[in-house]
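So the sequences go chain by chain: A and B. Numbers 0 to 293, taken from numbering that gives the first Met the number 0, label the letters of the first sequence in order. Numbers 0 to 293, taken from numbering that gives the first Met the number 0, label the letters of the second sequence in order.
Protein chains: 2
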Amino acid sequence: MLRLTTDKKIDIMDAKNAPSARCKSGDTVLFETLDCYDCSVTRQGERLKIDRMHNPATGPLFVEGAEVGDALKVEIIKITTRDWGAMGTSFGEFGFKNVQGSDHSMHVYDIKDGVVRAGGFDIPVDNMIGVIGVAPAGEGVLTVTPGAHGGNMDCRRIREGATIYFPVAAEGALLSMGDLHALMGDGEVFGYGLEVSGEVTVRVTAVKGMKLEQPLLIEGGDAMTVASGETMQEATEKALESMYHLLRQCGQDEGEAGILMSMVCNIALCQMVNPLFTVRAEMPARMLEKVIKG
Amino acid sequence: MLRLTTDKKIDIMDAKNAPSARCKSGDTVLFETLDCYDCSVTRQGERLKIDRMHNPATGPLFVEGAEVGDALKVEIIKITTRDWGAMGTSFGEFGFKNVQGSDHSMHVYDIKDGVVRAGGFDIPVDNMIGVIGVAPAGEGVLTVTPGAHGGNMDCRRIREGATIYFPVAAEGALLSMGDLHALMGDGEVFGYGLEVSGEVTVRVTAVKGMKLEQPLLIEGGDAMTVASGETMQEATEKALESMYHLLRQCGQDEGEAGILMSMVCNIALCQMVNPLFTVRAEMPARMLEKVIKG
Numbered sequence: 000m001l002r003l004t005t006d007k008k009i010d011i012m013d014a015k016n017a018p019s020a021r022c023k024s025g026d027t028v029l030f031e032t033l034d035c036y037d038c039s040v041t042r043q044g045e046r047l048k049i050d051r052m053h054n055p056a057t058g059p060l061f062v063e064g065a066e067v068g069d070a071l072k073v074e075i076i077k078i079t080t081r082d083w084g085a086m087g088t089s090f091g092e093f094g095f096k097n098v099q100g101s102d103h104s105m106h107v108y109d110i111k112d113g114v115v116r117a118g119g120f121d122i123p124v125d126n127m128i129g130v131i132g133v134a135p136a137g138e139g140v141l142t143v144t145p146g147a148h149g150g151n152m153d154c155r156r157i158r159e160g161a162t163i164y165f166p167v168a169a170e171g172a173l174l175s176m177g178d179l180h181a182l183m184g185d186g187e188v189f190g191y192g193l194e195v196s197g198e199v200t201v202r203v204t205a206v207k208g209m210k211l212e213q214p215l216l217i218e219g220g221d222a223m224t225v226a227s228g229e230t231m232q233e234a235t236e237k238a239l240e241s242m243y244h245l246l247r248q249c250g251q252d253e254g255e256a257g258i259l260m261s262m263v264c265n266i267a268l269c270q271m272v273n274p275l276f277t278v279r280a281e282m283p284a285r286m287l288e289k290v291i292k293g
Numbered sequence: 000m001l002r003l004t005t006d007k008k009i010d011i012m013d014a015k016n017a018p019s020a021r022c023k024s025g026d027t028v029l030f031e032t033l034d035c036y037d038c039s040v041t042r043q044g045e046r047l048k049i050d051r052m053h054n055p056a057t058g059p060l061f062v063e064g065a066e067v068g069d070a071l072k073v074e075i076i077k078i079t080t081r082d083w084g085a086m087g088t089s090f091g092e093f094g095f096k097n098v099q100g101s102d103h104s105m106h107v108y109d110i111k112d113g114v115v116r117a118g119g120f121d122i123p124v125d126n127m128i129g130v131i132g133v134a135p136a137g138e139g140v141l142t143v144t145p146g147a148h149g150g151n152m153d154c155r156r157i158r159e160g161a162t163i164y165f166p167v168a169a170e171g172a173l174l175s176m177g178d179l180h181a182l183m184g185d186g187e188v189f190g191y192g193l194e195v196s197g198e199v200t201v202r203v204t205a206v207k208g209m210k211l212e213q214p215l216l217i218e219g220g221d222a223m224t225v226a227s228g229e230t231m232q233e234a235t236e237k238a239l240e241s242m243y244h245l246l247r248q249c250g251q252d253e254g255e256a257g258i259l260m261s262m263v264c265n266i267a268l269c270q271m272v273n274p275l276f277t278v279r280a281e282m283p284a285r286m287l288e289k290v291i292k293g
């Protein structure tokens, strides 16, 4: 199995990036990933290098046969992480600012038997991928920023067993990923997930003729459009617009597309701490099966 | 059992409203409720009276022993509805405006054996209460508007089996409710739920010494703060602030309160179509058990 190692990493997703590796459509590939601190935090909570947050992503992977206008299907087969996670709090720094606090220390938590103990509670881990995406159309985008190409969506439903489709905007798609979290609630409200390094095994497939406006995520019986914007409302409206268009492609007329969305579409915040907000619109996957290809 | 009928209804929640009925703390009470159209839509989809949307709420109920500064605990024991629902779409009118459409008709759906058939799919009903609240502090608030007193929160997790605590701001609390939906996704994104009349059986209890900033909802193993604001972000920040303060009351220090929220707090949109946006912050109820009283 092809393995991408962390010595090949990027902090900007860009069509001009040279591929770190190449594979065929349908191949299974393993990505080793660094944590968002570039693995500069030790198990004792000490941060060795203080520099800007840059969310390193491993890659990019060139997928043969993935051409502009296709979708890249990424099946997340397995996620494993190291046995400890690091987490700060962002009182007053970014994201949620209503509450001020003086605790800016780096907290380190052991991960043992799939459980983290924090605040007096045993919490089962729920590994997810914070940064995953392809090269965007146009200018490169920093790996701290989300967009239609994916990137730093910080969506907790991008977990083992999920499938995510990205719009391909550069030949070979140029898939990269990193920034795993062993735990992160919807919103990532105090600025960080439980940051871990790890390994992600994926199967990548070029899907011809699947046009997407935003990433489309399938997980746990739901189909989700994931979108980002300057405000939560803008992100929400983009996710809804994309979902509405998919339902219309499935043959729903305008009234029933809207009504189905009012009946069963759920809006959840993915994150509120990156340069743009990210929101997902969730519908039962069975209602979108006509557009879920590959 | 005390029964409140729909001839006693309000379209403003106000400390000055005369009670429709009185009960003791701990009593079980049944509220009959009209739909949001004041039951002016027929089963054929025709709307008999065209006037402003006013979301009639049945009540208010005076709960003896509920005093300013207490909380009113409302356990939702049972929700039943009529066997059909009505739903419009709000293309371009309010809420989500990105997609334009010409369908402004009233759609009517049968509810049979707990299922609604829409868009070619059988969808299990999930009855919830759109409007529920107590008299607010200060000026009265229209029943189309949500706030710290509750009101038109349109939160789908206010369903059978839920318990909701409201801050009491007027003697007797003055509980009212209406605007049931047989189906509504988080967001109510095209403007309406599947609107139904029905009956709600609740147990009401005055809880002494429980200070709340926002309604606190317990359902499905989660404890949720529900808050409204002029923007989604403002609503989110209010919900998070209230949750943070509850965790601090439970004895968490500032760092771990923030970290627990980053780890497992989920932000979901309740509705984006009323005069204010409503958002809920969800945490595992076990983490808040020290403040969940009564």
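Beta carbons are placed, not taken as given, at the ideal position from N, Cα and C, and that holds for glycine. From a predicted model like this one, the values you see are computed outputs, not experimental measurements.
For I258 of chain B, the enclosing alpha helix (DSSP H) stretches over residues 253 to 263. Look at I78 of chain B: its C-beta is not under 7 Å from any C-beta on chain A.
If you look at S241 of chain A, you'll find it in the alpha helix (DSSP H) that goes 231 to 248.
Judged by their CB atoms, A161 of chain A and V124 of chain A are not nearer to each other than the 7 Å cut-off.
M176 of chain A is positioned such that its CB atom lies closer than 7 Å to that of I128 of chain A.
At a cut-off of 7 Å between beta-carbon atoms, T88 of chain B makes contact with chain A. Of the other Cβ atoms in all chains shown, 16 or more fall within 10 Å of the Cβ of D185 of chain A; this residue is therefore buried. With respect to the C-alpha of A65 of chain B, the residue from B:V133, B:E74, B:D37, B:E45 having the closest C-alpha is B:V133.
Between T88 of chain B and G250 of chain A, the C-beta spacing is not below 7 Å. When Cβ pairs closer than 8 Å are counted between the two stretches, the region 187 to 203 of chain A is seen to touch the region 28 to 36 of chain A, the count reaching three or more. Chain-order list of chain A residues neighbouring E187 of chain B: S261, by C-beta distance under 9 Å.
For K72 of chain A, the enclosing beta strand (DSSP E) begins and ends at 70 to 80.
Check the Cα spacing between V263 of chain A and each of B:F95, B:P59, B:E187: the tightest is with B:E187. Its Cα nearest to that of A70 of chain A, the residue A:A168 stands out among A:E45, A:A256, A:A168. DSSP lists A:V62 as the bridge partner or partners of C22 of chain A. R42 of chain A is not bridged by DSSP to any residue. Taking 8 Å as the upper bound on Cβ-Cβ separation, chain A lies near residues F95, K96, N97, V98, G100, S101, D102, S104, H106 of the region 95 to 109 of chain B. Nearest in C-alpha terms to S24 of chain B, of all of B:Q43, B:S39, B:V107, B:F61, is B:F61. Under the three-state reduction of DSSP output, M152 of chain A falls in the coil class, being neither helix nor strand. The Cβ-Cβ distance between T230 of chain A and M242 of chain A does not fall below 7 Å.
Put simply, the backbone Cα of A14 of chain A is about 55 Å away from that of V40 of chain B. Fully contained in the region 109 to 148 of chain B are the following beta strand (DSSP E) runs of length 3 or more, in chain order: 114 to 117, 120 to 123, 127 to 132. Comparing alpha carbon positions, the residue from B:I266, B:R279, B:G257 closest to Q99 of chain A is B:G257. Close CB contacts of G228 of chain A within its chain, under the 7 Å cut and outside five residues either way in sequence, are with A234, K237, L275, F276 (chain order). Note that the C-beta distance between Q43 of chain B and D153 of chain B is not below 7 Å.
Sequence-distant Cβ neighbours of N273 of chain B in its own chain, meaning closer than 7 Å and more than five residues away, are V143, T144, P145, N151, D153. Exclusion of the five residues before and after D102 of chain B leaves T88, F90 as the residues of its chain whose Cβ lies within less than 8 Å of its Cβ. Under the three-state reduction of DSSP, M86 of chain A is assigned to strand.
Nearest to L193 of chain B by C-alpha distance, out of B:Q248, B:R81, B:F165, is B:R81. Residue environment: K207 of chain B is assigned as exposed (fewer than 16 neighbouring CB atoms within 10 Å of its CB, all protein chains considered). Here DSSP, grouped into helix, strand and coil, assigns L47 of chain A to coil.
Judged by DSSP in its simplified three-state form, L287 of chain B adopts helix.
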